[in-house]
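In this note's numbering, the protein residues as written are 1 to 306.
All C-beta atoms, glycine included, are put in the ideal place defined by N, C-alpha and C.
For reference, the structure is listed below as structure tokens.
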């Protein structure tokens, strides 16, 4: 019997200049899934260069610079700066050949509701692509099964790609590859699952954010940033309880610890009070979100409610 997991994450289109903004776009997608809008350019700025899943060698860095890529700091530090919590695949210490245990890790992440980014290679050198995995069909929860099928986006169109694990892994030095977007190396694999927005005291409710547009104006090409209307969905509510939805105009202002009172004392830009009638609540924010920057939503129970 086959079971399925599909996370409600729509496709997005990456910028193609600067050696490509694939990693930046994946973080944008996962930010929306956790109630935050983050510009692709902001991710690159925070990372001080191209966002990759792992550090690169000086030789790899020089290879990418002629096309506008390269540079970049610690990808995990960048996640923390942007207030993401995460689970990173330990590619440095996991025994090789890593592919079977890596695929089992992917399945465990998805079963917990965590989307993850993975990296393929086109050849034995550095060239590759970072993409988001948002679903899986599987028969067994507790083991690797090459018949499992994952679902992911290419970041260039809105089509969802469906691929069995038996076709995903390959030796980069032995083309041809099975997938036009490259294959995951068998010996060393790379991946990061985003588990949420940092909330050390577990006071925030899950929030999702959607915008109508599936692309972002590329300001590097002189295209004007866009104002977007956001639709916020708060989950896991208790009917009859009063809540406060807080909007922050920068990732810098978002608290990562404290109780509800601490959040209400933070530097939020606006608030929306509501009483839950059911387990979810949808709010169409009348204030536009500018595409060039970041906007975060966090929801807490009203500490003054009796």
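I need the DSSP call for residue i, collapsed to helix, strand or coil.
| i | result |
| --- | --- |
| residue 170 | strand |
| residue 267 | coil |
| residue 251 | helix |
| residue 26 | helix |
| residue 88 | strand |
| residue 118 | strand |
| residue 299 | strand |
| residue 45 | helix |
| residue 66 | At residue 66 the pLDDT is 46, less than 50, meaning the model places this residue with poor confidence and gives no usable figure here. |
Give a yes or no on whether the C-beta atoms belonging to residue i and residue j are separated by under 8 Å.
| i | j | result |
| --- | --- | --- |
| residue 131 | residue 192 | no |
| residue 198 | residue 84 | yes |
| residue 82 | residue 38 | yes |
| residue 92 | residue 51 | no |
| residue 118 | residue 190 | yes |
| residue 194 | residue 30 | yes |
| residue 305 | residue 242 | yes |
| residue 185 | residue 144 | no |
Might you give, ordered along the chain, the residues of its own chain that have their beta carbon closer than 7 Å to the beta carbon of residue i, omitting 5 neighbours on each side?
| i | result |
| --- | --- |
| residue 277 | 239 |
| residue 280 | 233, 234, 235, 237 |
| residue 65 | Any reading at residue 65 needs caution, since the residue's pLDDT is 46, under 50, leaving its predicted position unreliable; the model's value is listed next. Nothing meets the Cβ criterion. |
| residue 152 | 131, 132, 133, 134, 161 |
| residue 107 | 136, 138, 148 |
| residue 46 | 78, 81, 82 |
| residue 262 | 255 |
| residue 206 | 235, 236 |
Step through the CB atoms of chain D and report whether any lies within less than 8 Å of the CB of residue i.
| i | result |
| --- | --- |
| residue 287 | Note that chain D does not occur in the displayed structure, where there is just one protein chain. |
Let's test the definition: count the other Cβ atoms within 10 Å of the Cβ of residue i and tell me whether it reaches 16, buried, or not, exposed.
| i | result |
| --- | --- |
| residue 75 | buried |
| residue 170 | buried |
| residue 129 | buried |
| residue 77 | exposed |
| residue 288 | exposed |
| residue 180 | exposed |
| residue 59 | Confidence at residue 59 is low in this model, with a pLDDT of 49, below 50, so its placement is unreliable and no value can be given for it. |
| residue 112 | exposed |
Round the Cβ separation of residue i and residue j to the nearest angstrom and send it over; I've been treating them as touching at under 8 Å.
| i | j | result |
| --- | --- | --- |
| residue 268 | residue 285 | Contact flag wrong, Cβ pair sits at about 13 Å. |
| residue 142 | residue 225 | Between residue 225 and residue 142 the Cβ distance is about 47 Å, and since that is not below 8 Å, they are no contact. |
| residue 155 | residue 13 | 6 Å |
| residue 307 | residue 211 | As displayed, the chain neither begins before 1 nor continues past 306, which places residue 307 out of reach and without an answer. |
| residue 220 | residue 17 | 6 Å |
| residue 294 | residue 42 | 6 Å |
Excluding sequence positions up to five away, which residues of its chain have a Cβ less than 6 Å from the Cβ of residue i?
| i | result |
| --- | --- |
| residue 319 | Here the chain covers residues 1 to 306 and nothing more, so residue 319 does not appear. |
| residue 21 | 14, 15, 40 |
| residue 6 | 135 |
| residue 215 | 13 |
| residue 109 | 116, 193 |
If I measure Cβ to Cβ from residue i and keep anything under 8 Å in the same chain, skipping five residues before and after, which residues do I get?
| i | result |
| --- | --- |
| residue 203 | 258, 259, 260, 263, 300, 301 |
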